[in-house]
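Trainee: Please read through the structure below; I'll follow up with questions.
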Amino acid sequence: MNPFALFEEDSDEPDEIPFITDTHRRRFVALLIDTSWSMAATQNNGVRAIDALNRELARWLPSVRAEGRGPLRDVEFLVITFGAGGVGVVSGNGTPSAEDDGAFVPASRLELPTLVAGGASPMVAAVDLALTLVEQRRQHVQTVHAQQTGGPRLILVSDGAPTDEEGNPTDDWRPLARRLEQWRSTRRLQLFAFGVPGVDDEVMRALATPSGYFPLDDLDLRKLLDLILVATSDHVDFERVRSQVYGDDLR
Amino acid sequence: MTTRWSVLGGSAAGGAHVRAGVSGQDAYAVHEVDGSLLLVTADGAGSRRCAATGASLVVTLAVQILVPLLGDQPPTSAAAWSGWLDLAGERLFRRFRRASRALARAVGEFEPDDLGTTVTVVVARPPWVAVLAVGDGLVVVRAADGNLDLLLAPPGGADRHPGATTLLPNARAGKQARRLVARLPDLTGLAVCTDGLDSLLVEYDGSRARQPGAAVFAQLFTLVEGAETDPSALVRLLSGRRVGALTDDDRTLLLAVPR
C-alpha cells in the first residue's frame, strides 16, 4: 500500500503551474533496525526473516526515493542496524558522521546494503548513536546551511530485548527511557516503535510511551515497511499510525 | 472612485487529513464592502483537537467585527490605518478568547487552547493595504510593473521549528500580532495563503523567505484575471495531484485583482 496513492487519481487540474520545488526545511528520520541473531533464526514459510527483510527493502526503497522527490523531499534518513557487528550506520557513506555526505541521505537517494543478521541486540547503544547524530546533524544544517529543522523522528524496529554488545541482558534502557522523555519535551522528538513477535513489550513501551508503541501480530515485513513510510510522512501522529496498524480494532 | 475586485479563493485538505477521512483545518472568508476588500485566512493547528472549529470561528468573527468597522469611515492615512488595525485586533482577539472560553465551558471536553489557530486579515482599499496577522500566514502584493513583494513573510530563522507558530486564543499571541500598513497606489494583485503553500510559492535563502516565485504567481494571477474566471479552478489546483505531491499540509489561497 502506498500511503500517497490517493493522489494518483486523475483530476482536471488547471494548466501546469511552475511551483517551487526546492525545500528550505530538513526533517531527520532515524530508522533503527534490529538485525540480531533472531532475525536469522526466525523463519516464515521457510524463509529467514533477514532474507525476507532484504527482499522487502529492495521493493520498498524505490517508493521511498519516489516520495523523496515529492512529499518527503525535506526528509533526510539515517539508518542504523544493531546486531551483526554491533551498532552500525548503513545509510549514506556508512560512517557515523553528521557532516554532509556522511550518514544522512535525502529520501530521494536512500539506498541500503544487504543487511546481515547475527550477534547480540545492542538497542540502547543504537538509540544513543541515533540521538547523538541527529543532534549533530541539526546543528550542522542550522549553522552551515541556515535551514530550518523540524523535530527529529526515530523509528525503532525490534523482535527481541536489548542486550549489551556481548549479548547479556541489560537494564540500560531505563535511563535511556528518561532521556527520550526529555527529548520529547524539549526537542520535539517523536519515537515510533514497532514490535515484531518476540519483542520485549515492556522495554518498547518504556522507550516509545504506550501511544508510540505498535506491537505487530505477525512477521509481515511488507506491512511493517509501509507503516514506516507512513510514520515518516509529515503531519502524522500516533493515532494515524495506530489506525493504519489495527484498523478499527483499537488497542 | 470605488474599486471593484475579482477574487478567487480555494482551500483543500492536506494528505494526512484526506487519508484519515477528515476535513482540513483551514478556513477563509472574502467580503467586499464599499470598495474595501476584506480577505481572511486561518490555519487551525494540527496539534490541537478542535483546530478546525477554531479556524472557522476566528474567520467568522473577523467578518462580523471588521465589516462594520470598515463601513463607518475608512481610514485615509497610514496613522489612521495603524490605529484601525490596533482597534480591529483588540476586538477580534478579545472576542475570540471569550468565544473559545464559552465554547469550552459549554462543551466541557476541551480547553480554549484546543481551538488554537492562526489568522491573517488583509484589508485592501487602494491605495492602502493593511495586514493583521497571528502566526505564519503569507501575503504577496503585485505592482503594475509585475514586481512582486512579500508584504507578510513567514517567520524565518534556522532555529525556528517548522510548524511551530504563535496561536490564538493565547493572549500572548494577540500581543505578538504583526500589523502592517502599506501605501500601494499601483497595486494590481494580492495573494493571501496559509503556510501549507509557502514552500511552493516562495523562494528561500536558507531559512529566510527571499521573494515570491515570479513564474508561479504570474500563472496564478491569470486564474483570476481572465474574462471568464472559472470559480473552481483554484480548488481543483489545490486539491490536485501536483500540489498534493509537494505538500502534505492543508492549503488555502486567496487571489484578488482590482477590476
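So the protein sequences, as listed, match chains G and C. The letter at position 106 of the first sequence is residue 112 when you use the numbering used here, and the numbering goes up by one with no holes. The letter at position 221 of the second sequence is residue 729 when you use the numbering used here, and the numbering goes up by one with no holes. Each residue gets a CB set at the ideal place from its N, CA and C atoms; glycine is no exception.
Quick check: the Cα distance between Phe-13 (chain G) and Gly-748 (chain C), rounded to an integer number of angstroms?
Mentor: Within the first sequence, numbered from 1, the residue matching residue 13 (chain G) stands at position 7. Within the second sequence, numbered from 1, the residue matching residue 748 (chain C) stands at position 240. Interpretation of Phe-13 (chain G) is limited by its pLDDT of 45, a score under 50 that renders its predicted location unreliable; no figure is taken from the coordinates.
Trainee: Output, in chain order, the set of chain G residues within a Cβ distance shorter than 7 Å of Gln-727 (chain C).
Mentor: Locating residue 727 (chain C) in the second sequence gives position 219, counting from the first residue. Those are Ile-23, Pro-24, listed as they occur along chain G.
Trainee: Identify the contact partners of Arg-246 (chain G) in chain C, using a Cβ-Cβ distance below 7 Å as the criterion.
Mentor: In the first sequence, counting from the first residue as 1, residue 246 (chain G) sits at position 240. Within chain C, the residues near Arg-246 (chain G) are Ala-524, Ala-528.
Trainee: Please identify the residue among G:Arg-54, G:Gln-196, G:Thr-176, G:Gly-74 whose C-alpha is closest to the C-alpha of Arg-115 (chain G).
Mentor: On the first sequence, residue 115 (chain G) is found 109 positions in, with the first residue counted as 1. If we check each option's Cα against that of Arg-115 (chain G), G:Gly-74 comes out closest.
Trainee: Short check: CB of Gly-624 (chain C) to CB of Arg-556 (chain C), under 8 Å?
Mentor: Translated into positions along the second sequence, residue 624 (chain C) becomes position 116. Translated into positions along the second sequence, residue 556 (chain C) becomes position 48. Their beta carbons are under 8 Å apart, which means Gly-624 (chain C) touches Arg-556 (chain C) by this criterion.
Trainee: Is Ser-514 (chain C) buried or exposed, if buried means 16 or more other CB atoms sit within 10 Å of its CB?
Mentor: Numbered from 1 along the second sequence, position 6 holds the residue referred to as residue 514 (chain C). The residue in question, Ser-514 (chain C), is exposed, as its Cβ has fewer than 16 Cβ neighbours within 10 Å.
Trainee: Check the Cβ-Cβ distances between Glu-19 (chain G) and every residue of chain C, and say whether any is below 8 Å.
Mentor: The sequence position of residue 19 (chain G) within the first sequence is 13, counting from 1. By this cut-off, Glu-19 (chain G) is an interface position.
Trainee: Using a Cβ-Cβ cutoff of 9 Å, what residues of the region 600 to 619 of chain C are near chain G? List them in chain order.
Mentor: The region 600 to 619 of chain C vs chain G, Cβ under 9 Å: nothing.
Trainee: Report yes if the C-beta distance between Val-85 (chain G) and Leu-37 (chain G) is below 8 Å; otherwise report no.
Mentor: Taking the first sequence and counting its residues from 1, one reaches residue 85 (chain G) at position 79. Taking the first sequence and counting its residues from 1, one reaches residue 37 (chain G) at position 31. Yes.
Trainee: Which whole-angstrom value describes the C-beta separation of Leu-656 (chain C) and Val-648 (chain C), a residue pair presumed to lie in contact below a C-beta threshold of 8 Å?
Mentor: Working through the second sequence from its first residue, we reach residue 656 (chain C) at position 148. Working through the second sequence from its first residue, we reach residue 648 (chain C) at position 140. Going by Cβ atoms, the distance from Leu-656 (chain C) to Val-648 (chain C) rounds to 6 Å, so yes, they are a contact pair.
Trainee: How would you call Gly-721 (chain C), buried or exposed, if buried means at least 16 neighbouring beta carbons within 10 angstroms?
Mentor: Within the second sequence, residue 721 (chain C) is the residue found at index 213, counting from 1. That one is buried.
Trainee: Taking beta-carbon pairs under 7 Å, can you tell me which members of the region 59 to 82 of chain G lie near chain C?
Mentor: Under the 7 Å Cβ criterion, the region 59 to 82 of chain G contributes Gly-76, Pro-77.
Trainee: Within the same chain, show all residues whose beta-carbon is closer than 8 Å to that of Val-492 (chain C), passing over the 5 residues directly before and after it, in chain order.
Mentor: Coverage of chain C is limited to positions 509 through 767, which leaves residue 492 (chain C) absent and any answer about it impossible.
Trainee: Distance, Cα to Cα, Arg-65 (chain G) vs Thr-120 (chain G)?
Mentor: Taking the first sequence and counting its residues from 1, one reaches residue 65 (chain G) at position 59. Taking the first sequence and counting its residues from 1, one reaches residue 120 (chain G) at position 114. So the two alpha carbons sit approximately 13 Å from each other.
Trainee: Is the CB of Thr-626 (chain C) under 8 Å away from at least one CB in chain G?
Mentor: Working through the second sequence from its first residue, we reach residue 626 (chain C) at position 118. No, Thr-626 (chain C) lies away from the interface with chain G (no Cβ there is under 8 Å from its Cβ).
Trainee: Starting from the Cα of Gly-204 (chain G), find the closest Cα among G:Pro-168, G:Arg-228, G:Thr-149 and give me that residue.
Mentor: The count along the first sequence starts at 1 and reaches residue 204 (chain G) at position 198. Checked all of G:Pro-168, G:Arg-228, G:Thr-149; the closest Cα to Gly-204 (chain G) is G:Pro-168.
Trainee: With distances taken from CA atoms, which of G:Pro-112, G:Val-95, G:Ala-126, G:Leu-227 is nearest Ala-55 (chain G)?
Mentor: In the first sequence, residue 55 (chain G) corresponds to position 49, counting from 1. Residue G:Leu-227 is the option with its Cα nearest to Ala-55 (chain G).
Trainee: Just to confirm the assignment: which complete alpha helix (DSSP H) runs, minimum length 4, are found wholly within the region 564 to 643 of chain C?
Mentor: You should have 586 to 615.
Trainee: Starting from the beta carbon of Gln-142 (chain G), find every residue of chain C whose beta carbon is closer than 7 Å, and list them in chain order.
Mentor: Position 136 of the first sequence, counted from the start, is the residue given in the question as residue 142 (chain G). Here the premise fails: no neighbours, minimum Cβ distance about 15 Å.
Trainee: Is it a yes or a no for the region 596 to 616 of chain C touching the region 512 to 529 of chain C, going by three-plus beta-carbon pairs under 8 Å?
Mentor: Cβ pair count under 8 Å is below three, so no.
Trainee: Along the chain, where does the beta strand (DSSP E) that runs through Leu-84 (chain G) open and close?
Mentor: Translated into positions along the first sequence, residue 84 (chain G) becomes position 78. Its beta strand (DSSP E) spans residues 81 to 89.
Trainee: Name the one or two DSSP bridge partners that Ala-651 (chain C) has.
Mentor: The residue given as residue 651 (chain C) occupies position 143 in the second sequence. The partner list for Ala-651 (chain C) (beta bridge, DSSP) reads C:Leu-695.
Trainee: Ala-733 (chain C) to Val-765 (chain C), Cα distance in whole Å?
Mentor: Position 225 of the second sequence, counted from the first residue, corresponds to residue 733 (chain C). Position 257 of the second sequence, counted from the first residue, corresponds to residue 765 (chain C). According to the sequence displayed, residue 733 (chain C) carries Glu and not Ala. Rounded to whole angstroms, Glu-733 (chain C) to Val-765 (chain C) spans 7 Å at the Cα level.
Trainee: Looking at the C-beta of Leu-709 (chain C), does it have a partner C-beta in chain G at a distance below 8 Å?
Mentor: The residue given as residue 709 (chain C) occupies position 201 in the second sequence. Yes, contact with chain G.
Trainee: Between Arg-248 (chain G) and Asp-594 (chain C), what straight-line distance do the alpha-carbon atoms span, to the nearest angstrom?
Mentor: Counting from one through the first sequence, the residue named residue 248 (chain G) turns up at place 242. Counting from one through the second sequence, the residue named residue 594 (chain C) turns up at place 86. For Arg-248 (chain G) and Asp-594 (chain C), the distance between alpha carbons rounds to 45 Å.
Trainee: Do you know how far the Cα of Asp-80 (chain G) is from the Cα of Ala-237 (chain G)?
Mentor: For the purposes of this step, residue 237 (chain G) is taken as the residue at position 231 of the first sequence. For the purposes of this step, residue 80 (chain G) is taken as the residue at position 74 of the first sequence. Looking at the two C-alpha atoms, the distance is approximately 15 Å.
Trainee: For Thr-673 (chain C), count neighbouring Cβ atoms within 10 angstroms of its own Cβ and tell me buried if that reaches 16, exposed if not.
Mentor: Here residue 673 (chain C) is taken as the residue at index 165 of the second sequence, counted from 1. Under this definition Thr-673 (chain C) is a buried residue.
Trainee: Using a threshold of 8 Å, state whether the C-beta atoms of Pro-24 (chain G) and Gln-727 (chain C) are closer than that.
Mentor: For the purposes of this step, residue 24 (chain G) is identified with residue 18 of the first sequence, where counting begins at 1. For the purposes of this step, residue 727 (chain C) is identified with residue 219 of the second sequence, where counting begins at 1. Their beta carbons are under 8 Å apart, which means Pro-24 (chain G) touches Gln-727 (chain C) by this criterion.
Trainee: Kindly list, in the order they appear in chain G, the residues whose Cβ is closer than 8 Å to that of Leu-731 (chain C).
Mentor: Taking the second sequence and counting its residues from 1, one reaches residue 731 (chain C) at position 223. Chain G residues near Leu-731 (chain C): Pro-20.
Trainee: Since His-146 (chain G) meets chain C, which of its residues come closer than 9 Å, beta carbon to beta carbon?
Mentor: Working through the first sequence from its first residue, we reach residue 146 (chain G) at position 140. The contacting residues do not exist; His-146 (chain G) stays about 11 Å from chain C at best.
Trainee: For the region 165 to 180 of chain G and the region 56 to 63 of chain G, state whether three or more C-beta atom pairs, one from each stretch, are separated by less than 8 Å.
Mentor: Too few Cβ pairs lie closer than 8 Å, so no.
Trainee: Looking at Thr-696 (chain C): is its Cβ nearer than 8 Å to the Cβ of Arg-759 (chain C)?
Mentor: Along the second sequence, read from residue 1 onward, the residue named residue 696 (chain C) stands at position 188. Along the second sequence, read from residue 1 onward, the residue named residue 759 (chain C) stands at position 251. In this structure, Arg-759 (chain C) does not lie closer than 8 Å to Thr-696 (chain C) by Cβ.
Trainee: Can you give the beta carbon distance from Ala-528 (chain C) to Ala-550 (chain C), rounded, assuming they're within the 8 Å contact cut?
Mentor: Numbered from its first residue, the second sequence carries residue 528 (chain C) at position 20. Numbered from its first residue, the second sequence carries residue 550 (chain C) at position 42. 20 Å between Cβ atoms; not a contact.
Trainee: Which residues share a DSSP beta bridge with Pro-175 (chain G)?
Mentor: Looking up residue 175 (chain G) in the first sequence gives position 169. BP columns for Pro-175 (chain G) point to G:Thr-169.
Trainee: Cβ of Ser-217 (chain G) within 8 Å of Cβ of Phe-244 (chain G)?
Mentor: Numbered from its first residue, the first sequence carries residue 217 (chain G) at position 211. Numbered from its first residue, the first sequence carries residue 244 (chain G) at position 238. Taking 8 Å as the Cβ cut-off, Ser-217 (chain G) and Phe-244 (chain G) qualify as a contacting pair.
Trainee: Could you say which of C:Arg-650, C:Asp-621, C:Ala-753 lies nearest to Ala-632 (chain C) if we only look at CA atoms?
Mentor: The residue you call residue 632 (chain C) lines up with position 124 of the second sequence. Per the Cα distances, C:Arg-650.
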